[in-house]
Structure formats: C-alpha cells, structure tokens
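Below is one structure, written out as structure tokens; comments come after it.
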Amino acid sequence: MRLLLPGDSGLTPGEDLNLEGLAAAYAVPSDPWLRCNMVTTLDGAANGPDSRSGSINTEADHVVFELLRALSDAVIVGAGTIRDEGYSAVAVAPELQPIRERAGLAEALPLVTVSRAGFLPPTLRGAPPGDVLLATSASAPGINQARSALGDDQVLVCGEEDVDLRDLLGQLHSRGWTSLLTEGGPHLIASFLAAGLLDELCFTISPRLVGGDHPRPVGADAAPLDLELAVLVEGDGTLMGRWLTRS
Ligand SMILES: NC(=O)c1ccc[n+]([C@@H]2O[C@H](COP(=O)([O-])OP(=O)(O)OC[C@H]3O[C@@H](n4cnc5c(N)ncnc54)[C@H](OP(=O)(O)O)[C@@H]3O)[C@@H](O)[C@H]2O)c1
C-alpha cells in the first residue's frame, strides 16, 4: 500500500504502509465518530453482476475493510445488505487484534442491523448471544420475533413509527460504543447523510467497469454535499480514501 495523501496522520506522502502505518492513516480523529466504508467501481456501481459487493472489491480494499472493523466499537449494517450479502456475526481478523488492543477497543465486535420492518434477517438467527443487535421502531411488525431471537436487551427501540438514527447512535454511545462504522448499504448511508450524522466516508474506487444497472454506493435520494478529501492510499491499482463531511 502506498500513501498518496497523509492528512493529519503525520506520515510521509509516498510512504509504503504496513498494517501499523495503515492504522495510523485511518485513525479515528475524535470521539464519538461515525464513518462508512463502501466500495464503488469506476462506473459508480455498488455491486457486481451477482448483486454483491464481493465481486467488485480487490485484495487492497479487503485489507482496509478488515482494518476499519478492527478500529471500531461496533458495525452498523442495513437489513437489506445483511439479506443480500448473507452477513453473519462479524469478528476482527486475528492479525488485527494487536492494533485493536492498542486502540483501546474491546475484543468483541458487535453487529447492529437496522430494519424498519424489524425482522431479524435469517442469516443472523442463531448468532452467539450478544454478538448481534437489531435497531428498529416500537411499531415494527417483526419486533416480537426479533426480541425472542435476540433477547430484549439486544433489540434497540429507536422511535415509535420509524427508526430515528440519532436515537440509535445515542443508545450505542451509552453502551460505550462511540467509534462506529457503517458498511451500508446505500439506503442506510443516504439516511445517515440526510440526518447529518455521518462524519466521514471511506470509499474504495475499484479499477473496473461493470456496465449494466446497479445501485450506487449512496442511495439516489441523498442530497448534494461537498466533501473534503483527507487521506488517499493506493494498492494494486485500487484507490482508498477518506472524505470528511465537515472540517
Ligand atoms: N459497495 C458496497 O460497499 C456495498 C455495501 C453494502 C451493500 N452493498 C450492496 O447494496 C445492495 C443493497 O442496497 P440497499 O440500499 O437495499 O441496502 P440497505 O440500506 O442495507 O438495505 C435497505 C434495508 O435496510 C433497512 N434500512 C435501511 N435504511 C434504513 C433506515 N434509515 N431506517 C430503517 N431501516 C433502514 C430496511 O430494512 P427492512 O426492509 O428490514 O425494513 C431497508 O429495506 C446490495 O446489492 C449490496 O450488495 C454494497
């Protein structure tokens, strides 16, 4: 990995980055913090022909994907992405545990899925106790099913009729989870942006075109927004950057 723009990391432009250097380039700047991590093709697709993002990412993107998990207290993912990508509970890669420890984060990495309907996606049923939470509203049709699958404590009621994402972040902060990562999908990212809650977009630009009709990484209903490029890294022809929503 080669650092093209170092931002405030104190690293040198052009430097080759090992995992420690990459962790410095992606250090969380303040607390609390919410960032997203998404991959896009050069023609703006958020998935490939199999409707999954795994067919458009690269090895370099995978390294950053795992690192961002390791630097987070919890990962927030929309229920649509859980269903489409077949997510199960998440974990930190063993080689990244030392970096995670040095960042002062707990060993466990909870997955928080967000759903209006409130049904726990099938691939998360049977996850080890405590590994998965579901955020929904009090009137969600699936809330009782989710409570019996996960336990009351793991179902976050964030509003009466719809999921209030600010309320969700507040509930995660009160559990001590303040360094937060969302891995999408596009509709959830658009909602976080619309609510003014996203501090940073970590985007990977994958060196391929897929053609066809694919979702964009940020849902089409997102409002225009100017971003500030903070860090840029290159690996295997893939560009990985950090864009801030406010300075
Ligand atoms: N390129 C990437 O990095 C990347 C990352 C993630 C996903 N993807 C791709 O994106 C596609 C899925 O897109 P998507 O936009 O449907 O994903 P999504 O945002 O994860 O899923 C939409 C669903 O998530 C829940 N949800 C999202 N925002 C919500 C909100 N504000 N409040 C309450 N619930 C909310 C709802 O679930 P309920 O229906 O249960 O109510 C909604 O139907 C897949 O093809 C996936 O592979 C790509």
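Position 235 of the sequence shown, counting from 1, maps to 1038 under my numbering, and the rest follow consecutively.
For glycine and all other residues, C-beta sits at the position ideal for the given N, C-alpha and C.
Regarding residue i and ligand 1, is the C-beta to nearest heavy atom distance less than 7 Å?
i     : result
A849  : yes
M841  : yes
L968  : yes
G988  : yes
S994  : yes
E869  : no
E862  : no
D1016 : no
D887  : yes
P1020 : yes
S918  : yes
R855  : yes
L1004 : no
L991  : yes
Would you mind sorting residue i into buried or exposed? The rule is 16 or more other CB atoms within 10 Å of its CB.
i     : result
M804  : buried
S1050 : Low per-residue confidence applies at S1050: pLDDT is 45, beneath 50, and the placement is therefore not dependable enough to give any value.
L991  : buried
T844  : buried
G1044 : buried
R978  : exposed
T985  : buried
D864  : buried
T884  : buried
P944  : exposed
S812  : buried
G857  : exposed
S833  : exposed
G1014 : exposed
P913  : buried
E823  : exposed
E888  : buried
G973  : exposed
A909  : exposed
R969  : exposed
A1023 : exposed
Could you check which residue in the options has the C-alpha nearest to that of residue i?
i     : options                     : result
W836  : A920, T981 and S1009        : T981
P999  : L1035, L1047 and G881       : Reading the sequence as shown, one finds Gly at residue 999 and not Pro. Of the listed residues, the one whose Cα sits closest to G999 is L1047.
L820  : V1021, V960, P989 and L870  : L870
F1006 : N840, G1015 and E823        : N840
A941  : L959, P931, L1032 and E1031 : L959
P1020 : A906, S854 and R950         : S854
S1009 : R928, A909, G1022 and D1039 : D1039
S875  : G889, L899 and L996         : L899
A906  : A1023, Y829 and A882        : Y829
G847  : A911, D1016 and A882        : D1016
E964  : I946, Q957, L975 and D955   : I946
S891  : L927, E862 and E904         : L927
P901  : P925, A873 and R886         : A873
Under 8 Å by Cβ, that's how I've got residue i and residue j pegged, so tell me the actual separation to the nearest angstrom.
i     : j     : result
V1034 : G810  : 4 Å
I859  : R1011 : 7 Å
P1018 : A849  : 5 Å
V935  : L953  : 6 Å
G988  : A949  : Actually they do not touch by this definition, with Cβ atoms about 19 Å apart.
L937  : S951  : Actually they are not in contact, since the Cβ atoms of L937 and S951 sit about 12 Å apart, beyond 8 Å.
L975  : A877  : 6 Å
V895  : R903  : 6 Å
For ligand 3, is there a heavy atom less than 7 Å away from the beta-carbon of residue i?
i    : result
A882 : For the structure depicted, ligand 3 is absent and the ligand set comprises only ligand 1.
Determine whether the Cβ of residue i lies closer than 8 Å to any Cβ atom of chain C.
i     : result
G1014 : No chain C appears in the structure shown, which is made up of a single protein chain.
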